[in-house]
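Here the structure is laid out as structure tokens; the discussion comes afterwards.
Protein chains: 2
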Amino acid sequence: MAKPSGSNGDDQSATDMETQKALVDIDSCQNEIDALNEKASEEILLVEQKYNKLRKPFFEKRNEIIMRIPNFWVTAFVNHPQIQLDESEEDCLTHLKKLEVEEFEDIKSGYKINFHFEENPFLKNEVISKEFHLGLSDPLSSSTPINWKEGQDLTKKNGNAKGRKRPHEMGGFFSWFLNNDDPCSDEIAEVIKDDIWPNPLQYYLMELDGGEDEDAEEDIVIMEEQEEDEEANDEEELIEDEDVGEGDEEAYASEEEAEKSGG
Amino acid sequence: MAKPSGSNGDDQSATDMETQKALVDIDSCQNEIDALNEKASEEILLVEQKYNKLRKPFFEKRNEIIMRIPNFWVTAFVNHPQIQLDESEEDCLTHLKKLEVEEFEDIKSGYKINFHFEENPFLKNEVISKEFHLGLSDPLSSSTPINWKEGQDLTKKNGNAKGRKRPHEMGGFFSWFLNNDDPCSDEIAEVIKDDIWPNPLQYYLMELDGGEDEDAEEDIVIMEEQEEDEEANDEEELIEDEDVGEGDEEAYASEEEAEKSGG
Numbered sequence: 009m010a011k012p013s014g015s016n017g018d019d020q021s022a023t024d025m026e027t028q029k030a031l032v033d034i035d036s037c038q039n040e041i042d043a044l045n046e047k048a049s050e051e052i053l054l055v056e057q058k059y060n061k062l063r064k065p066f067f068e069k070r071n072e073i074i075m076r077i078p079n080f081w082v083t084a085f086v087n088h089p090q091i092q093l094d095e096s097e098e099d100c101l102t103h104l105k106k107l108e109v110e111e112f113e114d115i116k117s118g119y120k121i122n123f124h125f126e127e128n129p130f131l132k133n134e135v136i137s138k139e140f141h142l143g144l145s146d147p148l149s150s151s152t153p154i155n156w157k158e159g160q161d162l163t164k165k166n167g168n169a170k171g172r173k174r175p176h177e178m179g180g181f182f183s184w185f186l187n188n189d190d191p192c193s194d195e196i197a198e199v200i201k202d203d204i205w206p207n208p209l210q211y212y213l214m215e216l217d218g219g220e221d222e223d224a225e226e227d228i229v230i231m232e233e234q235e236e237d238e239e240a241n242d243e244e245e246l247i248e249d250e251d252v253g254e255g256d257e258e259a260y261a262s263e264e265e266a267e268k269s270g271g
Numbered sequence: 009m010a011k012p013s014g015s016n017g018d019d020q021s022a023t024d025m026e027t028q029k030a031l032v033d034i035d036s037c038q039n040e041i042d043a044l045n046e047k048a049s050e051e052i053l054l055v056e057q058k059y060n061k062l063r064k065p066f067f068e069k070r071n072e073i074i075m076r077i078p079n080f081w082v083t084a085f086v087n088h089p090q091i092q093l094d095e096s097e098e099d100c101l102t103h104l105k106k107l108e109v110e111e112f113e114d115i116k117s118g119y120k121i122n123f124h125f126e127e128n129p130f131l132k133n134e135v136i137s138k139e140f141h142l143g144l145s146d147p148l149s150s151s152t153p154i155n156w157k158e159g160q161d162l163t164k165k166n167g168n169a170k171g172r173k174r175p176h177e178m179g180g181f182f183s184w185f186l187n188n189d190d191p192c193s194d195e196i197a198e199v200i201k202d203d204i205w206p207n208p209l210q211y212y213l214m215e216l217d218g219g220e221d222e223d224a225e226e227d228i229v230i231m232e233e234q235e236e237d238e239e240a241n242d243e244e245e246l247i248e249d250e251d252v253g254e255g256d257e258e259a260y261a262s263e264e265e266a267e268k269s270g271g
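Same order as they appear, the protein sequences are chains A and B. Numbering follows the numbering used here, in which position 40 of the first sequence is assigned residue number 48; successive positions increment by one, without gaps. Numbering follows the numbering used here, in which position 259 of the second sequence is assigned residue number 267; successive positions increment by one, without gaps.
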């Protein structure tokens with residue numbers, strides 16, 4: 009390995025002294041850089057908190073509208089490539105009327121996903137939640153215990169049900185929900201929080217677009233907007249780091265088209 | 009798949025109309041959320057730009073100090089687990105006196121890495137730069153052409169030199185430097201920008217700590233500070249998302265210890 013020049017006697021000591029002094033100076037300079045990094049993080053956190061508050065009423069309004077669409081959430085889930093549901097889970101989730109993702113005030117510390125169910129043959133719970141506390145020295149997640157109706161425990165039915173899309177990968181929706189072994193790498197929770205929740209419409213529309221469900225497809229027209237405007241494209245690149253709002257342009261359903269075909 | 013209830017005649021039409029209307033409403037709500045996301049991104053960009061400016065003088069000061077330490081950069085590079093140098097490259101990089109990473113004003117649009125060399129037997133260039141323009145619709149990177157001294161082209165010597173650590177993975181430092189085939193997934197450039205540049209001291213010290221270089225090690229004492237204070241730990245967790253400043257606490261060389269052992 010490369011070594012400092014002057015490798016014997018007093019010269020060596022002098023070199024070492026100088027190096028040692030320089031290392032200390034670098035370290036103290038680095039501390040100032042680190043302090044700035046910390047301040048930057050704090051300011052960014054404040055911005056994120058501010059916009060979380062500003063977004064909240066829109067997410068609530070969106071949830072109100074979503075409740076007017078039968079099977080919205082189960083459709084979005086089924087269409088998401090990383091979510092696997094077996095048939096009985098899919099039946100159960102047709103009764104999922106509301107989904108909520110709440111980030112904790114200190115965004116980095118964790119979040120909570122609430123699943124609100126209408127009266128259904130499977131669950132007694134009206135709401136089940138899974139929450140993640142990731143800011144702790146020992147991160148943890150916890151889930152509401154599920155009160156299954158008699159003989160309806162879907163975690164016990166998994167072996168019998170015919171899998172729709174590789175159920176072994178996810179191990180079943182409710183098995184995922186109840187599993188809190190590894191809170192820091194819960195991919196399904198992250199998919200719900202970072203992908204489905206920021207823009208569920210794109211996943212709801214995916215199937216109608218893809219055309220498995222012919223009846224529904226006939227009467228719903230999806231218009232794909234081509235963004236040819238270069239300025240608009242540049243703006244999009246500017247904000248590409250935000251992993252929310254993706255795919256929105258493509259999933260746009262125009263009001264005029266809707267009235268034409270639906271009426 | 010789950011379907012909307014009421015699947016024939018006028019009921020069906022009415023349901024579809026209602027669903028269609030709701031989809032349009034969700035889309036318009038989603039547009040408002042997206043606009044907020046965009047605003048949040050812009051504000052975060054402003055914070056990042058501000059702190060980039062504030063950090064700059066400290067990075068410059070750090071570079072001045074680093075130049076007092078022989079072989080600082082080559083040592084940091086050799087010690088980094090993702091950087092592979094063969095022996096002649098290592099010899100060449102002992103003449104690398106200054107490294108700079110400049111993020112462009114619009115941080116997301118790209119960055120430039122400058123390598124400053126002292127007079128040496130390999131390169132005629134004093135500075136070679138590799139820069140990344142990632143905000144373009146067609147991202148690109150470019151490198152300063154290297155003026156090798158007679159018979160010293162290290163990209164042609166690679167086959168002969170004995171590899172120090174799996175040189176096939178990186179394909180040689182200068183081959184990496186000159187290769188601009190895939191600017192969006194240049195792992196080495198990202199290692200330099202996001203890992204080495206934010207805190208090079210930890211990599212410089214790694215080897216001295218590990219003890220390959222006994223002469224130097226004898227006279228340099230690295231003190232590992234144990235952060236037992238719980239409050240300090242909590243603060244660190246708060247800013248863990250910033251991928252800069254890591255390992256700084258561990259790489260601390262105390263001034264008193266240095267004087268004691270060096271004098």
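Beta carbons: idealized from backbone N, C-alpha and C, even for Gly.
* Asked: Taking Cβ positions only, does E126 of chain A come closer than 8 angstroms to chain B?
  -> No, because no Cβ of chain B sits closer than 8 angstroms to the Cβ of E126 of chain A.
* Asked: From which residue to which residue does the alpha helix (DSSP H) around I196 of chain B run?
  -> I196 of chain B -> alpha helix (DSSP H) spans 195-199.
* **Residues that V55 of chain B contacts on chain A, provided the C-beta gap is smaller than 7 angstroms** => What V55 of chain B touches in chain A: A48, E51, I52, V55.
* Asked: If you count every other CB in all the chains shown that lies within 10 Å of the CB of V32 of chain B, and 16 or more means buried, which is it?
  -> Of the residues assessed, V32 of chain B falls on the buried side of the cut-off, its CB having 16 or more other CB atoms within 10 angstroms.
* Asked: What residue from B:I41, B:I73, B:V55 has the CA that sits closest to K61 of chain A's CA?
  -> Nearest option by C-alpha distance: B:I41.
* **C-alpha gap between E232 of chain B and F182 of chain B, whole angstroms** => Confidence at E232 of chain B is low in this model, with a pLDDT of 39, below 50, so its placement is unreliable and the value that follows should be read with caution. Taking the straight line from one Cα to the other gives about 35 angstroms.
* Residues bridged to L107 of chain B (per DSSP) -> DSSP lists B:F123 as partners of L107 of chain B.
* Chain-ordered residues of the segment 179-212 of chain B with a beta carbon less than 7 angstroms from chain A -> Listed by position, the residues of the segment 179-212 of chain B near chain A (Cβ gap below 7 angstroms) are N207, L209.
* To do: Compare the C-beta of A30 of chain B against all C-beta atoms of chain A and say whether one is closer than 8 angstroms.
  => Closer than 8 angstroms to some Cβ of chain A, the Cβ of A30 of chain B qualifies, so yes.
* To do: Just mark S193 of chain B as buried or exposed, buried being the case when its beta carbon has 16 or more other beta carbons within 10 Å.
  => Only exposed fits S193 of chain B, as fewer than 16 other CB atoms lie within 10 angstroms of its CB.
* Can you name the start and end residues of the beta strand (DSSP E) that S149 of chain B belongs to? -> 148-151 is the span of the beta strand (DSSP E), which, as asked, contains S149 of chain B.
* Can you tell me where the alpha helix (DSSP H) with E98 of chain B in it begins and where it stops? -> Going by DSSP, E98 of chain B is part of the alpha helix (DSSP H) stretching over 95-101.
* Is the shortest distance between the beta-carbon of I77 of chain A and the beta-carbons of chain B less than 8 angstroms? -> Cβ-Cβ to chain B under 8 angstroms: yes for I77 of chain A.
* Got a sec: is the Cβ-Cβ distance from K69 of chain B to anything in chain A below 8 angstroms? -> Output row for K69 of chain B: interface = yes.
* Cα-Cα separation between D221 of chain B and V55 of chain B, rounded to whole angstroms -> In this prediction, D221 of chain B scores a pLDDT of 45, lower than 50, which makes its location untrustworthy; the coordinate-derived value is nonetheless stated afterwards. Each residue's Cα considered, the two are about 42 angstroms apart.
* Asked: What is the DSSP secondary structure of W156 of chain B, counted as helix, strand or coil?
  -> In the structure shown, W156 of chain B sits in a strand (DSSP, three-state: E or B).
* To do: Tell me, please, whether the segment 100-108 of chain B touches the segment 77-94 of chain A by the rule of three or more beta-carbon pairs shorter than 8 angstroms.
  => No, because fewer than three Cβ pairs between the segment 100-108 of chain B and the segment 77-94 of chain A fall closer than 8 angstroms, the two stretches do not touch.
* Reducing DSSP to helix, strand and coil, say where Q20 of chain A ends up. => Q20 of chain A falls in the helix class under three-state DSSP.
* Interfacial residues, the segment 33-44 of chain B to chain A, with Cβ spacing under 8 angstroms -> Listed in sequence order: D33, I34, D35, C37, Q38, N39, E40, I41, D42, L44.
* To do: Would you check if the segment 189-203 of chain B and the segment 135-150 of chain B touch, i.e. whether three or more CB-CB distances between them fall below 8 angstroms?
  => Enough Cβ pairs lie closer than 8 angstroms, so yes.
* Expressed to the nearest angstrom, what Euclidean distance is found between the alpha-carbon atoms of E50 of chain B and Q57 of chain A? -> E50 of chain B and Q57 of chain A have their alpha carbons spaced roughly 15 angstroms apart.
* List the residues of chain A that F112 of chain B touches, going by C-beta distances under 7 angstroms, in chain order. => Neighbours of F112 of chain B in chain A, taken as residues whose beta carbon is under 7 angstroms from its own, are absent, since the nearest beta carbon is some 12 angstroms off.
* Alpha-carbon to alpha-carbon, G159 of chain A and F112 of chain A -> About 36 angstroms.
* Asked: Helix or strand or just coil, what does DSSP make of I73 of chain A?
  -> Secondary structure of I73 of chain A (DSSP, three-state): helix.
* To do: Counting only the same chain and skipping the five closest in sequence on each side, list residues whose C-beta sits under 6 angstroms from that of F67 of chain A.
  => Annotation for F67 of chain A: no residue places its beta carbon closer than 6 angstroms to its own, counting only its chain and skipping 5 residues before and after.
* Asked: Can a CB atom of chain B be found closer than 8 angstroms to the CB of L62 of chain A?
  -> So yes, L62 of chain A belongs to the interface.
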